[in-house]
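The opening residue of the sequence shown carries number 93 in the working numbering; numbering runs sequentially from there.
Built from N, CA and C at the ideal position, the CB exists for glycine as well.
Small disclaimer: the values here were computed from a predicted structure and weren't measured.
Okay, structure first, notes after.
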Amino acid sequence: MATVKLAVHAGPHNRINCPVSAVVETPDSATTATLSTENAEVPCQITPVSDGLQINFIVDNLEAGKTAEYELATGQEPEASGRGVEVSQGENEVSVSIGGQHFTTYCHGKELARPLLYPVIGPYGDPVTRRLATPADGREMDHHHHRSVWIAHGEVNGADNWSEGESHGRILHRDFELLESGPVLGRIVSNSDWVGMDGWTGPPGRNREILDQRAEWIVYNTPSSVRIMDLHLTLTARNMDVLFGDTKEGGLASIRVEETMEVKRDLGGKIENGIGGIDEDETWGKRAPWCHYSGPVNGNTTGVAIMDHPDSFRHPTHWHVRNYGLMTANPFGHSYFYGDESRRGHHTLSQGESLVGIYRYYFHKGDATDGNIRERYHDFAHPPVIDQD
């Protein structure tokens, strides 16, 4: 058994339900770990890496300017089981629960135009994304292709991989690189192929796959009043150069909120962003580190933020966000967002190159002020510093 001292420095921000991660040096090839403060044991999750041991845990509450001391004990005993985030694979889906409560399901059936997460259960136990459209809905439901939480873009080497209209492109699930459960976090790492319309075979001598997608979804074991889900997205031009076209129709991190949350319904829905904008007129097409949607779900005001990490492509991203319930990070549609054809947002990935987007979905009670989203953004973008003694 080896023991390591860790010091977590809050820095200039209060830290609440803040996921943290650090690589520590240990003298043994540890398979288990116990983390504790002076007063209590703290759930932790470890992964061996080349230069030590990566440890993940959650800082429940640490005031700005303060330091918390932890002791990490590692060993080779059989890992203890405990209920945290459970990731369970089924037919064409992977279910995620937190503390025994269902949170979301990753769906990837061949009938889908692209993978999605549905439902997403919010802090009051109700779904916070719109139900999935069916052909029977017809025109009564707008934008059938807005499916809960998803990744897409409307012009990729000419293929429309945003809509579900005639000749649309698709994102085809290929395999799972990792499905991980644990006391601190659960992880789904999926690999998928972006392809053109059915039957499209690509340039002569090339495969039909336009893009390789690696999507890492991380769900944290937080109190039920807060749900945190990170997306680490890597898009690679595997077989050819790939042009992401300048279009507003797309988003690398997208959500369509529950209908009662929509601003247009005048039930109390509200859009806010990280530069002070309110509702569509002040937030659509604007660059901001985060964007937020809130509104009533079964009588309870519920909020969701999508946060853009500083290491993401074209941070801070532009936001395609609408009073009718759509919110998505779109770094490409510049000519639409600025209303100026000379300001183009297209981008070409040369064969072999990758584009990276890192985003956090933060679900909570109340609006952006109630959720203190300005501070919670710094938990994501500028986390506490961890020192090893």
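{"Item": "Is threonine 293 buried or exposed, if buried means 16 or more other CB atoms sit within 10 Å of its CB?", "Value": "Any answer about threonine 293 is weak, because its pLDDT of 49 lies below 50 and its placement is not dependable; what the coordinates show is given next. Exposed, since its Cβ has fewer than 16 Cβ neighbours within 10 Å."}
{"Item": "Going by CA-CA distance only, name the one from Tyr428, Glu155, Ser316 and Thr226 that's closest to glycine 176.", "Value": "Ser316"}
{"Item": "Is aspartate 152 close to chain C, meaning its C-beta is less than 9 Å from at least one C-beta of that chain?", "Value": "In the displayed structure, chain C is absent; only one protein chain is listed."}
{"Item": "Specify, as a first and last residue, the run of the alpha helix (DSSP H) that arginine 468 falls within.", "Value": "465-473"}
{"Item": "Taking contact to mean at least 3 C-beta pairs separated by less than 8 Å, is the segment 358-371 in contact with the segment 422-429?", "Value": "no"}
{"Item": "Do you know how far the Cα of tyrosine 385 is from the Cα of proline 135?", "Value": "31 Å"}
{"Item": "Out of His101, Ser255, Pro111 and Thr95, which one is the CA nearest neighbour of glutamate 117?", "Value": "Thr95"}
{"Item": "Does DSSP put phenylalanine 429 in a helix, in a strand, or in coil?", "Value": "helix"}
{"Item": "Within the same chain, show all residues whose beta-carbon is closer than 6 Å to that of alanine 205, passing over the 5 residues directly before and after it, in chain order.", "Value": "Glu256 and Arg262"}
{"Item": "Determine which residues share a DSSP beta bridge with arginine 379 and list them.", "Value": "His410"}
{"Item": "Is it true that the CB of arginine 466 sits closer than 9 Å to the CB of isoleucine 489?", "Value": "Lying before the first or after the last residue shown, residue 489 is absent from the chain, which here runs from 93 to 481."}
{"Item": "Jot down the residue ranges of each uninterrupted beta strand (DSSP E) in the segment 200-284, minimum 3 residues, whole runs only, in chain order.", "Value": "208-212, 241-248, 251-253 and 262-272"}
{"Item": "Distance, Cα to Cα, tyrosine 216 vs aspartate 459?", "Value": "14 Å"}
{"Item": "With a threshold of 16 other CB atoms inside 10 Å of the CB of glutamate 247, please say whether the residue is buried or exposed.", "Value": "buried"}
{"Item": "Among residues of its own chain, excluding the 5 on either side of threonine 440, which ones have a beta-carbon nearer than 8 Å to its beta-carbon?", "Value": "Asp333, Val334, Leu335 and Phe336"}
{"Item": "Quick check on valine 188: buried or exposed, where buried means 16 or more other Cβ atoms within 10 Å of its Cβ?", "Value": "buried"}
{"Item": "Quick check: the segment 300-316 against the segment 392-403, are at least 3 beta-carbon pairs closer than 8 Å?", "Value": "no"}
{"Item": "DSSP on methionine 353, reduced to helix/strand/coil?", "Value": "helix"}
{"Item": "Identify which residue in Asn109, Lys457, Met289 and Val100 has its Cα closest to the Cα of leucine 277.", "Value": "Asn109"}
{"Item": "Rounded to whole angstroms, what is the Cα-Cα separation between leucine 447 and glutamate 178?", "Value": "30 Å"}
{"Item": "Could you give the DSSP three-state label for threonine 293: helix, strand or coil?", "Value": "With a pLDDT of only 49 at threonine 293, under the threshold of 50, the placement of this residue in the model should not be trusted, and no figure is reported."}
{"Item": "Just the C-alpha distance for aspartate 358 and asparagine 390, rounded to the nearest angstrom, thanks.", "Value": "15 Å"}
{"Item": "Report back the beta-carbon spacing between leucine 327 and leucine 303 to the nearest angstrom; my notes put them in contact at under 8 Å.", "Value": "5 Å"}
{"Item": "For methionine 399, list the residues DSSP reports as bridge partners.", "Value": "Trp382 and Arg452"}
{"Item": "Do you know whose CA, among His194, Leu98, Ser442 and Thr159, lies nearest alanine 165's CA?", "Value": "Leu98"}
{"Item": "Per DSSP, which residues does methionine 321 bridge with? Please list them.", "Value": "Val311 and Tyr453"}
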